[in-house]
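Sequential numbering from 593 applies to the sequence shown in the working numbering.
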Amino acid sequence: MLKSEENYCAKCCKTMNIIDRMFASIAEFREKIEVSYEDVYSDDTKKKYGDLIPPTVIMEDHVLVDGHVPIMKKLARDLFKIVESSHL
């Protein structure tokens, strides 16, 4: 996602808020995962992941797309699985 207020929709804003709240409340995520916001329309992102529909959450090799805002519990479970499997 691109963290620039004039460039994101309500769904992207909601997703960013969910991620911010989740990382604020779960210490293990803050310690082991770095969050960055990227432009899904950039040439580099398209080359690496193909065409994406925002909001998109990319975690390691996992990409949550389809323009749906992931619910916090599902996203937290997915993040825990990734953290555990990659031994971050």
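Here a beta-carbon is modelled for each residue, glycine too, at the ideal position from N, C-alpha and C.
Point to revise | Cβ neighbours of F615 in the same chain (closer than 7 Å, five flanking residues each side left out) | key: Indexing the sequence shown from 1 puts residue 615 at position 23. Cβ neighbours of F615 beyond the five flanking positions: F621, R622, V627.
Practice item. Compute the Euclidean distance between the alpha carbons of I645 and V632, then round it to the nearest angstrom. Key: Position 53 of the sequence shown, counted from the first residue, corresponds to residue 645. Position 40 of the sequence shown, counted from the first residue, corresponds to residue 632. Whole-angstrom Cα-Cα distance: 8 Å.
Review point. From what residue to what residue does the beta strand (DSSP E) around I650 run?
Key: One-based indexing of the sequence shown puts residue 650 at position 58. Note, I650: beta strand (DSSP E), 649–651.
Point to revise | Cβ neighbour criterion (16 or more within 10 Å) applied to V655 | key: Residue 655 sits at position 63 when you count from the first residue of the sequence shown. So V655 counts as exposed.
**Study point:** Among K665, T637, D635, nearest to T607 - alpha-carbon criterion
**Key:** The residue you call residue 607 lines up with position 15 of the sequence shown. Looking at the Cα atoms, K665 is the closest of the given residues.
Check your understanding: What are the partner residues of V627, as DSSP defines its beta bridges?
Key -> The count along the sequence shown starts at 1 and reaches residue 627 at position 35. Per the DSSP secondary-structure output, V627 pairs with nothing in a beta bridge.
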